[in-house]
Amino acid sequence: MLPTVDFCGMEVTRLIIGANPFGGFSHQNRDRDKEMVAFNTPEIIKETWERAWKAGINTMITNNETPHVVKTTAEYLAEGGTLQWIAQINCHTCPDMNVAIDKCIEIGCKAGYLHGGFVDNLYKTKDEKALREHIKHGQAQGIPMGVAAHSPDVHYWVDSLDLVDFHVVCFFNCGSLHSGKGDKFKLADIFPAVECIKSIKKPCIGYKIMGAGRIDPLMSFEFAFENIKPTDVVNVGMHRGDKDDMVEENVNIVRRILEG
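Dropping the structure here:
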């Protein structure tokens with residue numbers, strides 16, 4: 001097993017396997033999206049999770065709305081899958097966010113966080129009431145609840161309210177992904193992002209540390225672990241369509257960095 005931390009009462013490896021490639025969210029181009037979806041069948045997804053576990057990862061993150069991904073997640077957990085699930089939760093396909101949270105808990109998530117685009121919108125209107133309602137709803141059912149966001153300013157606002165158990169911080173301020181303005185990845189964004197992570201006392205998950213495949217993995221992992229707190233972790237999507245042993249390769253990089 002990779003080194004772990006106590007993450008809101010969960011034992012979590014410092015590398016979590018993400019799921020954007022499974023759902024075809026490359027943040028590169030549409031052809032790349034289609035390629036990822038075609039490759040990542042339910043069978044391949046389950047195989048990737050099993051290989052992640054065998055390599056030394058104990059936690060996965062998937063969203064709750066990509067049909068074939070959430071169906072595969074439910075099947076995997078019902079079949080006794082070994083990875084613990086942290087759910088990224090949105091409510092495009094549910095009546096409201098609380099119903100979406102309930103469904104994730106029913107499937108078997110061990111923690112959940114509100115989708116970054118959803119939280120970005122709450123920040124625009126400073127809707128503390130809605131944020132408080134959804135976070136408390138999940139916490140009342142016994143799971144740690146966090147938020148994702150695409151700008152440090154959003155996390156500073158949420159942190160000031162002292163509501164959530166953890167933060168999911170994007171290394172790139174790419175909220176444009178969810179506002180129809182295209183994909184924007186600027187290297188200058190990563191410095192305020194890691195400052196945000198270091199300033200927030202609660203546990204953090206860093207994501208898009210490679211800029212959706214734009215940055216070398218070794219460089220990305222080294223920078224991330226040198227600049228987040230010792231109690232923090234990173235979430236990385238892995239597309240085996242590019243390299244079959246990508247999971248094992250990433251785990252080996254992280255192991256070398258963390259174990260010296």
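Sequential numbering from 1 applies to the sequence shown in this note's numbering. Cβ coordinates follow ideal geometry from the N, Cα and C atoms, glycine included.
Positions of the alpha helix (DSSP H) runs, each at least 4 residues long and wholly inside the region 178-231, are given as 190-199, 217-227 in order along the chain.
When DSSP states are grouped into helix, strand and coil, cysteine 170 belongs to the strand group.
Relative to the Cα of isoleucine 200, the nearest Cα in the group Phe118, Val158, Met10, Ala87 belongs to Val158. Taking a cut-off of 8 Å on C-beta distances, the region 90-101 touches the region 128-135, as three or more cross pairs fall below it.
Under the three-state reduction of DSSP, glutamine 88 is assigned to strand. For isoleucine 16, the uninterrupted beta strand (DSSP E) segment begins and ends at 15-17. With fewer than 16 other Cβ atoms from the protein chains shown falling within 10 Å of its own Cβ, proline 67 counts as exposed. By the CB criterion at 8 Å, threonine 93 and tryptophan 85 fall outside the cutoff.
Contact check for isoleucine 253 against proline 217 passes: the beta carbons are separated by less than 8 Å. For isoleucine 57, there is no enclosing alpha helix (DSSP H), as DSSP gives it neither H nor E. When beta bridges are read from the DSSP output, aspartate 6 appears opposite Glu11.
Residue burial is scored here from C-beta neighbours: glycine 146 has at least 16 other C-beta atoms within 10 angstroms and is therefore classed as buried.
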